[in-house]
Structure formats: structure tokens, C-alpha cells
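For any residue, its number in the numbering used here is found by taking its place in the sequence shown, counting from 1, and adding 1.
The C-beta atom is built at its ideal place from N, Cα and C for all residues, glycine as well.
In what follows, a structure is listed as C-alpha cells, so that the remarks can point back to it.
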Amino acid sequence: MNKHTKVAVIVAPLLAVLGYIASDYLIENDADKTKLITLIPEASCEVLTGGCVLMSGDFKINVFDKAGSTVVNSTFPLDEAVLFLVDEDNTATAFPLSQVQSNYYWQAQTPLRELARTSTSYKLRLIASIKGGDYISEFETSL
Numbered sequence: 002m003n004k005h006t007k008v009a010v011i012v013a014p015l016l017a018v019l020g021y022i023a024s025d026y027l028i029e030n031d032a033d034k035t036k037l038i039t040l041i042p043e044a045s046c047e048v049l050t051g052g053c054v055l056m057s058g059d060f061k062i063n064v065f066d067k068a069g070s071t072v073v074n075s076t077f078p079l080d081e082a083v084l085f086l087v088d089e090d091n092t093a094t095a096f097p098l099s100q101v102q103s104n105y106y107w108q109a110q111t112p113l114r115e116l117a118r119t120s121t122s123y124k125l126r127l128i129a130s131i132k133g134g135d136y137i138s139e140f141e142t143s144l
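What follows is the structure in C-alpha cells.
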């Protein structure tokens, strides 16, 4: 074995370990940046009767009403969730959702049932946060 081969055998593992550490550092740095991802309704949204499934890739959120309380359930644990009811003047009223059983279930008391008596559809906005990523959606629900 000549001296170049010996140096290569010694240096190659060191370069591999340093490359692994550097790539991990870069990936971690990118993960800290805030991302904004749009959720799209899977089908028609009927929050009061059947629920509304919003999705982006493997991530899904189900929004439904249960006895005057709007419930959000997700496939991944959420850090925070806020639901907005938007009136005809495009004015949004925020309803911060509180955690129910786990980070997968969130709910808040909302006036959706009362609004169903006066309107046939209503615009909703949802912002769900997961580890620096904000998932947003604006959709109309049949009441």
C-alpha cells in the first residue's frame, strides 16, 4: 500500500463524519425558519353536519361542531390553533382553540349554531401552528 492510499484510508472516514455533522447543522437551521403552508378542503365543508377535512400532503385537519363547540382534530400534534369567523364585511372574529385531550384535539365555543339560523353559508379561517410552520386555510361552510 503506497502513502496516498494510506492517507485516503485515514482521511475518508473523517470527511464522512464531518459531512454528516455539517448536513445535520444545515437541516436544523432550515427547520427553525417559519413556513406558511396552505390547507385545501378535501371536499365540501359542512362543519355542523359532517365535518370539514382540510389537507396538505399527509397532514389533515378535521373541523366539526359538537353541541355548540367547534372542534379541530389533526393527524399531527398542534402547538396552537385559532379559528376565525368572517362576516359579510370581511371582518374576522378570532376564537383561540384550547387543547382538549391531547395536542391532536382542540376546541372553542363558537356561535356557528346561532349563525346557521340566519345564513346558509359562512366563511371560516383556520391557522394551526406546528413547530415553526403555520398551516392556514380559508373556506366556506354550509350551515
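Exercise. So does residue 26 have its beta carbon nearer than 8 Å to some heavy atom of the ligand MN?
Worked result: The model depicted lacks the ligand MN and carries no ligand whatsoever.
For this session: Spell out a yes or no on whether the stretch 119-129 and the stretch 49-67 are touching, meaning 3 or more CB-CB pairs, one atom from each, closer than 8 Å.
Result: yes
Exercise. Looking at the structure shown, is residue 92 part of a helix, part of a strand, or coil, going by DSSP?
Worked result: In the sequence shown, counting from the first residue as 1, residue 92 sits at position 91. Residue 92 falls in the coil class under three-state DSSP.
Problem set entry | Rounded C-alpha distance that separates residue 93 from residue 26 | As a working note, residue 93 is residue 92 in the sequence shown. As a working note, residue 26 is residue 25 in the sequence shown. Looking at the two C-alpha atoms, the distance is approximately 40 Å.
For this session: Check the C-beta distance from residue 54 over to residue 47 and give it rounded, since I have them as a contact under 8 Å.
Result: Taking the sequence shown and counting its residues from 1, one reaches residue 54 at position 53. Taking the sequence shown and counting its residues from 1, one reaches residue 47 at position 46. At roughly 11 Å, the Cβ-Cβ gap does not stay under 8 Å, so residue 54 and residue 47 are not in contact.
For this session: Pull up the distance between the alpha-carbon of residue 7 and that of residue 22, whole angstroms please.
Result: One-based indexing of the sequence shown puts residue 7 at position 6. One-based indexing of the sequence shown puts residue 22 at position 21. Going by the C-alpha atoms only, they are around 24 Å apart.
For this session: Please report how far the alpha carbon of residue 111 lies from the alpha carbon of residue 78, in whole angstroms.
Result: For the purposes of this step, residue 111 is identified with residue 110 of the sequence shown, where counting begins at 1. For the purposes of this step, residue 78 is identified with residue 77 of the sequence shown, where counting begins at 1. Roughly 22 Å separates the two Cα atoms.
For this session: Give a yes or no on whether the C-beta atoms belonging to residue 71 and residue 138 are separated by under 9 Å.
Result: Locating residue 71 in the sequence shown gives position 70, counting from the first residue. Locating residue 138 in the sequence shown gives position 137, counting from the first residue. Contact flag unset, no.
For this session: Would you decide whether residue 108 is buried or exposed? Buried here means 16 or more other CB atoms lie within 10 Å of its CB.
Result: Here the question's residue 108 lines up with position 107 in the sequence shown. Buried, because 16 or more other Cβ atoms sit within 10 Å of the Cβ of residue 108.
Exercise. Looking at the structure shown, is residue 49 part of a helix, part of a strand, or coil, going by DSSP?
Worked result: Your numbering for residue 49 matches position 48 in the sequence shown. Residue state, collapsed to three classes: coil.
Problem set entry | 6 Å CB neighbourhood of residue 57 in its chain, flanking five on each side removed | In the sequence shown, the residue the question calls residue 57 occupies position 56. For residue 57, where only same-chain residues beyond five positions count, the Cβ hits under 6 Å are 38, 40.
Exercise. Can you list, in chain order, the stretches of the beta strand (DSSP E) that have 3 or more residues and sit fully within the stretch 6-89?
Worked result: For secondary structure counted as the beta strand (DSSP E) over 3 or more consecutive residues, the stretch 6-89 holds these complete runs in sequence order: 36-39, 53-57, 60-67, 70-75, 81-87.
Exercise. So which of 18, 140, 49 has the shortest CA-CA distance to residue 118?
Worked result: Position 117 of the sequence shown, counting from 1, holds the residue named residue 118. When only C-alpha atoms are compared, the closest one is 49.
Exercise. Does the beta-carbon distance from residue 60 to residue 136 come in below 9 Å?
Worked result: Taking the first residue of the sequence shown as position 1, residue 60 is located at position 59. Taking the first residue of the sequence shown as position 1, residue 136 is located at position 135. Less than 9 Å separates the beta-carbon of residue 60 from that of residue 136.
Exercise. What's the call for residue 16, buried or exposed, on a 16-neighbour Cβ count within 10 Å?
Worked result: Within the sequence shown, the letter at position 15 stands for residue 16. It is exposed - the Cβ of residue 16 has fewer than 16 other Cβ atoms within 10 Å.
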